[in-house]
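Enquirer: Mind having a look at this structure? Questions to follow.
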Amino acid sequence: MQPDFIPLCGRVAASPRVKPYRNIHKALRLAMTSTLDALARVDADDAVAVSSVLSQVEQLLEFCDGHLRHENAFMHEALRERDPDAPRDFDAEHASQQRVALSLHHALQRARLHDADTEAVLYQLYLVLSVHIADHLRHMADEETTLTEAFWAMFSDREILDVEARLVASLTPAERDVSSQWMLRALNHRERVELLEAMREGMPAAAFDALLQHLRVLLTPPTWRRLESAFLTTTKA
Ligand SMILES: [Fe+2]
1 MQPDFIPLCG RVAASPRVKP YRNIHKALRL AMTSTLDALA RVDADDAVAV
51 SSVLSQVEQL LEFCDGHLRH ENAFMHEALR ERDPDAPRDF DAEHASQQRV
101 ALSLHHALQR ARLHDADTEA VLYQLYLVLS VHIADHLRHM ADEETTLTEA
151 FWAMFSDREI LDVEARLVAS LTPAERDVSS QWMLRALNHR ERVELLEAMR
201 EGMPAAAFDA LLQHLRVLLT PPTWRRLESA FLTTTKA
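Spelled out as structure tokens, the structure:
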């Protein structure tokens, strides 16, 4: 870690400006650590659990790959229009992450074949995934600080929100479901309420109620109770 990284994190954290990477990166971190944790604990002789955790790894790889492609197409593209050099190092890291993800897909296929010692294959996958995640964690923190400051230097908050809105509009319904579910679990209460308020504006009331009911299952009971009372208060106000 560079010595100036801690003050850089402090500047970004304390700024009142729009933070375009925060929510989605919190979501990705939770998806990564939950999946790694599930892979660590799965029993090789439990075929149902093994199949479930392998699907979870596959969904994580798809989530990461989609995120990276959307960043390239919208965030990096927007930065490049104002400063061609701004996203260069991050473009290269994305290309490297895509190559590692391909190797992980091969390891995943091998684990699915059950033609070898399943416990050893799962452990191999766990080790490779742990390094892939470590690389992502470092990369995301760099992006979330360096590129956030690049956005702040060249874009107004309104313009950043417009770039973000174009990215969100490009998501498939399945991609939107995956990212919003991880986000709503990963955020703190204030951030979760802010996101839900924004989502409520773009969806029918019945769909929003269904989403809230789904969150009742997804969130821990204390988190759900706090959220429920926040929305009851909002409705009454
Ligand atoms: Fe990235």
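According to our numbering, the sequence shown is numbered sequentially starting from 1. C-beta atoms are modelled at their ideal positions from N, C-alpha and C, and glycine is treated no differently. Just so you know, these numbers come straight off a predicted model, no measurement behind them.
Got a sec? Which residues, its chain only, sit under 8 Å from LYS19 by beta carbon, not counting five neighbours each side?
Expert: Counting from 1 along the sequence shown, the entry for residue 19 is found at position 19. Same-chain partners within the cutoff: VAL12, GLU144 and THR148.
Enquirer: From which residue to which residue does the alpha helix (DSSP H) around LYS26 run?
Expert: Mapped onto the sequence shown, residue 26 falls at position 26. Start and end: 22-41.
Enquirer: Can you give the Cα-Cα distance for TRP134 and LEU39, rounded to whole angstroms?
Expert: Here residue 134 corresponds to residue number 134 of the sequence shown, with the count starting at 1. Here residue 39 corresponds to residue number 39 of the sequence shown, with the count starting at 1. Note on identity: in this sequence residue 134 is Ala, with Trp being the wrong assignment. Whole-angstrom Cα-Cα distance: 15 Å.
Enquirer: For ARG17, collect the residues of the same chain with a Cβ closer than 7 Å to its Cβ; drop the 5 residues on either side in sequence, then sort them by chain order.
Expert: Here residue 17 is taken as the residue at index 17 of the sequence shown, counted from 1. Cβ neighbours of ARG17 beyond the five flanking positions: TRP152 and ASP157.
Enquirer: Please report the residue range of the alpha helix (DSSP H) in which ARG158 lies.
Expert: Here residue 158 is taken as the residue at index 158 of the sequence shown, counted from 1. 157-170 is the extent of the alpha helix (DSSP H) around ARG158.
Enquirer: Locate the alpha helix (DSSP H) running through GLN213, then write down its first and last residues.
Expert: Within the sequence shown, residue 213 is the residue found at index 213, counting from 1. It spans 205-218 - the alpha helix (DSSP H) in which GLN213 sits, taken as one unbroken run.
Enquirer: How is GLN2 classed by DSSP in three states: helix, strand or coil?
Expert: Within the sequence shown, the letter at position 2 stands for residue 2. It is coil, neither helix nor strand.
Enquirer: Along the chain, where does the alpha helix (DSSP H) that runs through VAL178 open and close?
Expert: For the purposes of this step, residue 178 is taken as residue 178 along the sequence shown, with counting starting at 1. Looking at the DSSP string, the run of the alpha helix (DSSP H) that includes VAL178 is 173-186.
Enquirer: Just the C-alpha distance for LEU129 and GLU77, rounded to the nearest angstrom, thanks.
Expert: Numbered from 1 along the sequence shown, position 129 holds the residue referred to as residue 129. Numbered from 1 along the sequence shown, position 77 holds the residue referred to as residue 77. Approximately 29 Å between the Cα atoms of the pair.
Enquirer: Taking buried to mean at least 16 other C-beta atoms within 10 Å of its own C-beta, is SER180 buried or exposed?
Expert: In the sequence shown, the residue the question calls residue 180 occupies position 180. So SER180 counts as buried.
Enquirer: In this structure, how does DSSP classify SER52 when only helix, strand and coil are distinguished?
Expert: If you number the sequence shown from 1, residue 52 lands on position 52. Of the three classes helix, strand and coil, the one that applies to SER52 here is helix, per DSSP.
Enquirer: Over what stretch of residues does the alpha helix (DSSP H) that includes VAL193 continue unbroken?
Expert: Position 193 of the sequence shown holds residue 193. Start and end: 189-201.
Enquirer: Start and end of the alpha helix (DSSP H) containing ASP135?
Expert: What you label residue 135 is simply residue 135 of the sequence shown in a count that begins at 1. Run containing ASP135: 118-142, per the alpha helix (DSSP H) assignment.
Enquirer: Applying the 10 Å Cβ sphere with the 16-neighbour rule, what's the burial state of ARG192?
Expert: On the sequence shown, position 192 is the one that residue 192 refers to. Buried, because 16 or more other Cβ atoms sit within 10 Å of the Cβ of ARG192.
Enquirer: Taking Cβ to Cβ, would you say MET75 is nearer than 8 Å to VAL163?
Expert: Walking along the sequence shown from the start, residue 75 turns up at place 75. Walking along the sequence shown from the start, residue 163 turns up at place 163. Yes.
Enquirer: Rounded to a whole number of angstroms, what is the C-alpha to C-alpha distance between LEU195 and ALA116?
Expert: Within the sequence shown, the letter at position 195 stands for residue 195. Within the sequence shown, the letter at position 116 stands for residue 116. Looking at the two C-alpha atoms, the distance is approximately 45 Å.
Enquirer: For ARG99, would you say it is in contact with chain B, using Cβ-to-Cβ distances shorter than 8 Å as the test?
Expert: Considering every chain present, this structure includes no chain B. It has just one protein chain.
Enquirer: Could you name the residues of the same chain whose beta carbon sits closer than 6 Å to that of VAL100, not counting the 5 residues immediately before and after it, in chain order?
Expert: Start at 1 with the first residue of the sequence shown, and residue 100 comes out as number 100. So the list reads HIS132, once near-sequence residues are dropped.
Enquirer: Can we count HIS139 as close to ligand 1, meaning its CB is less than 7 Å from some heavy atom?
Expert: Translated into positions along the sequence shown, residue 139 becomes position 139. Yes - ligand 1 has a heavy atom lying nearer than 7 Å to the Cβ of HIS139.
Enquirer: Please classify PRO222: does DSSP put it in a helix, a strand, or coil?
Expert: Numbered from its first residue, the sequence shown carries residue 222 at position 222. Here PRO222 sits in helix by DSSP.
Enquirer: CA-CA distance, PRO221 and MET199?
Expert: Here the question's residue 221 lines up with position 221 in the sequence shown. Here the question's residue 199 lines up with position 199 in the sequence shown. So the alpha carbons of these two residues sit roughly 22 Å apart.
Enquirer: Quick one: does the C-beta of GLU77 sit closer than 7 Å to a heavy atom of ligand 3?
Expert: Summarising the ligand content, the structure contains ligand 1 and does not contain ligand 3.
Enquirer: Could you compute how far the alpha carbon of LEU28 sits from the alpha carbon of HIS70?
Expert: Here residue 28 corresponds to residue number 28 of the sequence shown, with the count starting at 1. Here residue 70 corresponds to residue number 70 of the sequence shown, with the count starting at 1. Using only the alpha carbons, I get a separation of about 14 Å.
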